[in-house]
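Participant:
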Amino acid sequence: MSDVVIEIPASRPDLVEPTGDPDQADSLASRLYRAASRYQDFSEEATQLGDLNGTWWGEAYDAYQGAAGGASEEHARMSDTVRRVGRAVSAYADNLREHDRTYEELVDAKSTADQDRQQLEADVRAATDVSDAEITALQQRAGALDGRYRDLVRDHDALTRRVRDNEDTLRQAFVAGTSLTSALSADGGIPSAAQSAMGAPGAPGDGATPEQVAAWWRGLSEAEQEAVVAAYPQTVGGADGLPASARDEANRILLEDDLARLEAKEDDGTLSALEQRMLENARATRTALDDADGYVDPLDPTVRPGAQLWLYDPSAFDGDGRVAVAVGDMDTADDVAVFTPGIKTEMTDVQNYTGDMMNLHESSRYQGDRSDVATMFWLGYDAPAGPTDLATATESRAADGGARLADAIDGMRASRADDPASMTAIGHSYGSTTTAYAATENGLDVDRIALIGSPGAGRADHAEDLGVGSDDVFVGRDSRDKVARLGDEGWASPKDLIHPDLGLGNDPSEDEFGAQRFEAESIFRSEDGSYSEDHGRYFDVDSESLYNLGRIVDGDTGNVNAADHSTDPFFGSAEDPEEDRDPTSGEPGRSQTRPID
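Each residue of the sequence shown is one higher than the last, beginning at 1 in full-length UniProt numbering.
1) Give me the Cα-Cα distance between residue 415 and residue 264, rounded to the nearest whole angstrom.
2) With distances taken Cα to Cα, identify the nearest neighbour of residue 430 among 417, 453, 420 and 115.
3) Is any beta-carbon of chain B found at less than 7 Å from that of residue 385?
4) Around the Cβ of residue 342, are there at least 16 other Cβ atoms within 10 angstroms (buried) or fewer (exposed)?
5) Tell me where the alpha helix (DSSP H) around residue 358 begins and ends.
6) Output the distance between the C-alpha atoms of residue 77 and residue 317, rounded to the nearest integer angstrom.
7) Sorted by chain position, which residues of the same chain lie with C-beta nearer than 8 Å to residue 499's C-beta, five sequence neighbours on each side aside?
8) Does the structure place the stretch 288-307 close enough to the stretch 324-339 that three or more beta carbon pairs sit under 8 Å?
9) Out of curiosity, what's the CA-to-CA distance linking residue 371 and residue 557?
10) Take residue 271 and list the residues in its own chain whose beta-carbon comes closer than 8 Å to its own, dropping the five residues that flank it on each side.
11) Which of the three DSSP states is assigned to residue 135 in this structure?
12) Select from 568, 451, 469 and 523 the residue whose C-alpha is nearest the C-alpha of residue 517.
13) Can you list, in chain order, the residues of its chain whose CB lies under 6 Å from that of residue 600, leaving out five sequence neighbours each side?
14) Find out if the Cβ-Cβ distance for the pair residue 88, residue 170 is shorter than 7 Å.
15) Taking its Cβ as the centre, do 16 or more other Cβ atoms sit within 10 Å of residue 105, making it buried, or is it exposed?
16) For residue 466, which of helix, strand or coil comes out of DSSP?
17) Which of helix, strand or coil does DSSP assign to residue 12?
18) Closest to residue 409 by CA distance: which of 240, 150 and 32 is it?
19) Using only the alpha-carbon positions, how far apart do residue 297 and residue 511 sit?
20) I'd like to know if the stretch 427-446 and the stretch 459-472 are in contact, where contact means that at least 3 CB-CB pairs between them fall below 8 Å.
21) Since residue 476 is in the beta strand (DSSP E), which residue starts that stretch and which ends it?
22) Where do the N-terminal and C-terminal ends of the beta strand (DSSP E) with residue 309 fall, by residue?
23) If we count the other Cβ atoms within 10 Å of its Cβ and call it buried at 16 or more, is residue 4 buried or exposed?
24) Which residues does DSSP pair with residue 516 in a beta bridge?
25) Just checking my contact of residue 145 with residue 127 at CB under 8 Å: how many whole Å lie between their CB atoms?
26) When we look at the beta-carbon of residue 17 and count the other beta-carbons within 10 Å, is it buried (16 or more) or exposed?
27) Hey, out of 20, 81 and 42, whose CA is closest to residue 33's CA?
28) Grouping DSSP H, G and I as helix and E and B as strand, with all else coil, what is residue 543?
29) Would you kindly report the start and end of the unbroken beta strand (DSSP E) that includes residue 325?
30) If I measure Cβ to Cβ from residue 275 and keep anything under 8 Å in the same chain, skipping five residues before and after, which residues do I get?
31) Smallest Cα separation from residue 541: which of 477, 471, 413 and 364?
32) Taking the alpha-carbon positions, what's the residue 459 to residue 445 distance?
33) Mind listing, in chain order, the continuous alpha helix (DSSP H) runs of no fewer than 4 residues lying wholly within the stretch 371-415?
34) Under a three-way DSSP split, which group does residue 588 fall into?
35) What runs of the alpha helix (DSSP H), each 4 residues or longer, lie entirely inside the stretch 78-118?
36) Determine the DSSP secondary structure at residue 459, reduced to helix, strand or coil.
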C-alpha cells in the first residue's frame with residue numbers, strides 16, 4: 001500500500017464551552033422580579049395616598065396630589081422596566097441551558113469521531129497487503145469522517161453565533177434601561193432590535209392572521225426572534241401562528257415572573273384574592289411542567305419528550321385561568337392530540353391532566369408505529385363550574401370554547417404549514433360538546449375527533465356534521481358514566497319538550513348518530529350503583545379507553561376495538577349493551593379484540 005495515500009482528516013474543531021451560570025441568572029431574574037413588585041406596590045400605594053376623599057383641599061393639597069400622582073406613574077414605569085430586564089435575564093438563562101445541552105452533544109459527537117479517527121489510523125497502519133476494495137473502503141471511511149468533522153465545525157459555529165446573540169440581546173436590555181430617563185420611558189428595557197421586529201408587517205398584536213404571523217416569524221433572524229421573546233413574552237406566548245417552542249419559551253418567562261412577583265407579595269401579606277388564585281395557578285403549572293419535563297418514555301429510556309407551555313394566562317376568567325401544556329414537541333411530532341376537558345376544570349387541575357397526557361403519549365407510541373407524538377391538555381375556555389352552574393345545562397360556554405379551540409388549532413396548523421401533523425381532537429364531558437361546537441360551527445381543522453364521556457354533541461345531529469367523515473368520529477362511553485347518559489336519545493329531548501336552549505345535544509354513542517363507538521369500560525368500574533368515579537377513568541393506565549385512544553391518535557383506526565352502540569327503543573328507556581360485558585385490560589393482543597370495520 002506504499003503508493004496509496006489515505007488522507008485522514010484532522011480532528012476539529014476546538015470546542016469552546018459557553019460561559020455563564022444559568023442558575024445564577026435565574027436567581028438574578030427572581031431578584032429583579034421582586035424589585036419590580038416593590039416598585040409596583042409603591043405605585044399603587046401612592047395612588048391611594050393621592051386620594052384623601054375631600055379631607056384636605058387647597059393649593060397645598062393640589063401640589064401634594066400632583067406629586068403623589070407623579071411618583072405613582074414613575075414607579076409604575078420603573079416596575080415595567082425592571083420587569084422587562086428580569087424577563088430578558090430569564091430568557092438568557094433558558095437559552096444558556098439550551099446552549100449548554102448543545103455543547104455537551106457536540107462534545108459527545110466529537111469524542112466519538114475522534115475514537116473512529118484513531119481506529120482508522122490504526123487500520124491504515126496495519127494495512128500492508130490489501131485489495132482495491134479494502135483500499136476503497138478505507139478511503140470511504142476517511143471521507144465520511146471528514147464530513148462528520150465538517151458538520152461539527154458548522155454546528156459549533158452556529159452555537160458560537162447563538163451564544164453571542166444571546167449575550168448581545170441581554171446587553172441591549174440592560175443598556176435600554178441604564179439611565180433614569182430611559183428607565184422611566186415606556187420602552188425602557190426593550191432592545192431596539194425587538195422594537196423594530198415588532199413593528200414589521202405580520203407581527204402579532206396588530207390583527208394579523210395566524211398565517212401572517214407565521215410568515216413574519218420565519219422572516220426574523222434567530223437573534224431577532226430571541227429579542228422579541230425576551231421583550232414581548234406576553235404577546236409571543238399567546239400568538240396563534242408562532243411555533244410551540246417560541247410560545248413555550250415566552251410563557252415560561254411569564255411563569256417565572258409571576259412566581260417571583262406574587263411570592264414576594266405573599267411574603268409581604270399584600271396579595272389580593274385574584275392574585276392568590278393566580279399564584280395557585282402558577283404553582284400548579286410549574287409542578288405540571290416539572291412532571292412532564294422529567295417524563296421518560298417507558299418504551300425507550302433515551303426518549304424524553306419534554307413539555308411545552310403553549311398557553312399561560314393565570315388571571316383569565318376571574319382566576320379560573322387558561323393553560324395548555326403539551327407532552328412532546330408540537331413543532332415536529334408526526335401525531336398530535338389536543339384534549340379539551342369538561343366541567344369543574346380549572347387551571348389548578350393542570351398537573352392531573354398533564355399526567356393524563358403522559359399516559360396518552362405512552363399509549364399512542366406503544367400501540368402505534370413508534371412515531372413522534374405530542375399530546376396537549378388545552379384549557380383555553382371557561383369551563384362550567386359544576387352541576388349547579390347554570391352554564392352546565394346550556395351550550396353557551398361550549399359555543400365560546402369551540403370558537404377558541406378552532407382558533408387554537410388554526411394557529412397550530414399555520415405554524416406547521418410546510419410540515420402538517422396528523423391531528424386528533426379529543427373532548428371529555430362538557431369538553432366533548434365544546435369540541436363538537438368547534439367542528440360544526442367553526443370548521444375545526446383536524447383529521448379525527450374523539451368524544452369521551454359525552455353529555456351531548458352540541459348541534460351535530462350526525463357524525464357527518466363534525467366535518468371529518470363518520471369513519472373518523474370516535475366515541476368512548478363507559479356504561480357506568482352517569483354524565484354520558486345525559487345526551488339526547490330517541491325522539492324526545494329537553495330541547496323539544498322544554499326549551500331550545502336546554503340540553504347539550506345528541507348522545508354520540510347512540511346508533512343513529514353514526515359514530516364509531518369503541519370499548520371504554522373500566523376494570524375498576526363501579527358496581528354499587530354510585531358510579532361516582534367512572535366519568536374520570538378514560539385515561540387510566542392499562543384501560544380499554546386509553547388503548548383505543550392511543551390507536552386513534554396514531555391513526556391506526558383499523559385496530560380500534562369496536563363496541564355496540566346504545567339504542568333508544570320507542571317504548572322503554574335507553575339501552576347500553578356494554579353494561580353486560582365484562583371489561584378487560586387494554587393490553588394489545590387481548591382475546592376480545594374486535595376491530596372497527
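Heads up, the beta-carbon is just placed ideally off N, CA and C, and yes, glycines get one too.
Since the model is a prediction, treat every value here as computed from it, not as a measurement.
Facilitator: For this structure:
1) Here residue 415 corresponds to residue number 415 of the sequence shown, with the count starting at 1. Here residue 264 corresponds to residue number 264 of the sequence shown, with the count starting at 1. For residue 415 and residue 264, the distance between alpha carbons rounds to 37 Å.
2) By one-based count along the sequence shown, residue 430 stands at place 430. Closest by alpha carbon: 453.
3) Chain labels in this structure do not include chain B; a single protein chain is all it has.
4) On the sequence shown, residue 342 is found 342 positions in, with the first residue counted as 1. Per the 10 Å Cβ criterion, buried.
5) As a position in the sequence shown, residue 358 is number 358, starting the count at 1. Looking at the DSSP string, the run of the alpha helix (DSSP H) that includes residue 358 is 350-367.
6) To locate residue 77, count along the sequence shown from 1; it is residue 77. To locate residue 317, count along the sequence shown from 1; it is residue 317. Roughly 27 Å separates the two Cα atoms.
7) For the purposes of this step, residue 499 is taken as residue 499 along the sequence shown, with counting starting at 1. Note that residue 499 scores 46 on pLDDT, short of 50, meaning its location in the model is unreliable and no value can be drawn from it.
8) yes
9) If you number the sequence shown from 1, residue 371 lands on position 371. If you number the sequence shown from 1, residue 557 lands on position 557. Cα to Cα, the separation comes out at about 15 Å.
10) Position 271 of the sequence shown, counted from the first residue, corresponds to residue 271. These residues qualify, in order along the chain: 262, 265 and 279.
11) In the sequence shown, the residue the question calls residue 135 occupies position 135. Of the three classes helix, strand and coil, the one that applies to residue 135 here is helix, per DSSP.
12) As a first step, residue 517 must be located in the sequence shown, where it is residue number 517. The residue with the shortest Cα to Cα distance from residue 517 is 451.
13) Absent from the model: residue 600. The displayed extent of the chain is 1 to 597, so no value can be given.
14) As a first step, residue 88 must be located in the sequence shown, where it is residue number 88. As a first step, residue 170 must be located in the sequence shown, where it is residue number 170. Yes, Cβ-Cβ distance for residue 88 and residue 170 is below 7 Å.
15) Walking along the sequence shown from the start, residue 105 turns up at place 105. By the neighbour-count rule (16 or more Cβ atoms within 10 Å), residue 105 is not buried but exposed.
16) As a first step, residue 466 must be located in the sequence shown, where it is residue number 466. Helix.
17) Taking the sequence shown and counting its residues from 1, one reaches residue 12 at position 12. Coil.
18) Within the sequence shown, the letter at position 409 stands for residue 409. Closest by alpha carbon: 240.
19) Locating residue 297 in the sequence shown gives position 297, counting from the first residue. Locating residue 511 in the sequence shown gives position 511, counting from the first residue. Residue 297 and residue 511: Cα-Cα distance of roughly 38 Å.
20) yes
21) In the sequence shown, counting from the first residue as 1, residue 476 sits at position 476. 473-476 is the extent of the beta strand (DSSP E) around residue 476.
22) For this step, residue 309 is matched to residue 309 along the sequence shown. Its beta strand (DSSP E) spans residues 307-313.
23) On the sequence shown, position 4 is the one that residue 4 refers to. With fewer than 16 Cβ atoms within 10 Å of its Cβ, residue 4 is classed as exposed.
24) In the sequence shown, the residue the question calls residue 516 occupies position 516. Bridge partners of residue 516: 474.
25) If you number the sequence shown from 1, residue 145 lands on position 145. If you number the sequence shown from 1, residue 127 lands on position 127. 16 Å between Cβ atoms; not a contact.
26) On the sequence shown, residue 17 is found 17 positions in, with the first residue counted as 1. Classification of residue 17: exposed, given that the 10 Å Cβ count is below 16.
27) To locate residue 33, count along the sequence shown from 1; it is residue 33. Of the candidates 20, 81 and 42, the one whose C-alpha sits nearest the C-alpha of residue 33 is 81.
28) Taking the first residue of the sequence shown as 1, we reach residue 543 at position 543. DSSP places residue 543 in coil when its eight states are reduced to three.
29) Counting from one through the sequence shown, the residue named residue 325 turns up at place 325. Unbroken beta strand (DSSP E) run through residue 325: 322-327.
30) Residue mapping note: residue 275 aligns to position 275 of the sequence shown, counting from 1. Same-chain partners within the cutoff: 262 and 265.
31) Numbered from 1 along the sequence shown, position 541 holds the residue referred to as residue 541. Here the closest residue by C-alpha is 364.
32) Locating residue 459 in the sequence shown gives position 459, where the first residue counts as 1. Locating residue 445 in the sequence shown gives position 445, where the first residue counts as 1. In a straight line, the C-alpha of residue 459 is about 17 Å away from that of residue 445.
33) 396-415
34) By one-based count along the sequence shown, residue 588 stands at place 588. Confidence at residue 588 is low in this model, with a pLDDT of 46, below 50, so its placement is unreliable and no value can be given for it.
35) none
36) Locating residue 459 in the sequence shown gives position 459, counting from the first residue. It is coil, neither helix nor strand.
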